[in-house]
Amino acid sequence: MKLLLRNIFKTPVVTESGRPSVDEHIEVIGGRIQEQVRKQFGRSLHIREVDPGSCNGCELEITGLNSPYYDLERFGLQFVASPRHADCLLVTGPVTRNMADPLRRTYDATPDPKLVVAVGDCSRDCGIFAGAYGVVGPVSAVIP
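According to our numbering, the stretch in the sequence shown is residues 3 to 146, in order.
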């Protein structure tokens, strides 16, 4: 026990404190986004992310936005779990047959005024999934 305590007190701190991003481009762009969101909504923008059939590549990038490096919430952008609390739908990937109706219902459940942002090439024109038997089409074919 004595040896254990001695080693604990002799060992220096081996972790680093979290560092905020020092990338000035993030600060500039984030500040502009925050101004626009406040101007249009008067508060934070609440985002509901919907995946109607993607390969999860875009979701991986979106997940990084909540990391300590980007920290999207400091600019007034928050992800929410329910479309009823959302101002914006962030849609990734092409729309598959099984997800066309849930996507429509999610769109209908989102209160007006609402925004729809199609993320990536696949949500715009189906990308590599174009012509696949399970794909209905791009996001614009299902919701406005």
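The C-beta atom is built at its ideal place from N, Cα and C for all residues, glycine as well.
- Using a 10 angstroms sphere on the CB of residue 140, the tally of other CB atoms reaches 16 or more, which defines it as buried.
- DSSP links residue 52 through a beta bridge to 93.
- With respect to the 8 Å criterion, residue 49 and residue 79 are classified as neighbours on the basis of their beta carbons.
- Taken atom to atom, the span from the alpha-carbon of residue 109 to that of residue 56 is near 18 Å.
- Taking 8 Å as the upper bound for CB-CB distance, residue 51 and residue 81 are in contact here, some 6 Å apart.
- As the crow flies, the alpha-carbon of residue 41 is around 43 Å from that of residue 135.
- Closest in C-alpha terms to residue 89, from the list 11, 39, 64, comes 39.
- In terms of Cβ geometry, residue 128 and residue 96 form a close pair [threshold 8 Å].
- Under the rule that a run must span 4 or more residues, the alpha helix (DSSP H) segments found entirely inside the stretch 113–139 read 122–127.
- Assignment of beta-bridge partners to residue 79 by DSSP yields 47.
- Residue 54 is not a Cβ neighbour of residue 112, given a cutoff of 8 Å.
- In this structure, the CA atom of residue 126 is about 26 Å from the CA atom of residue 43.
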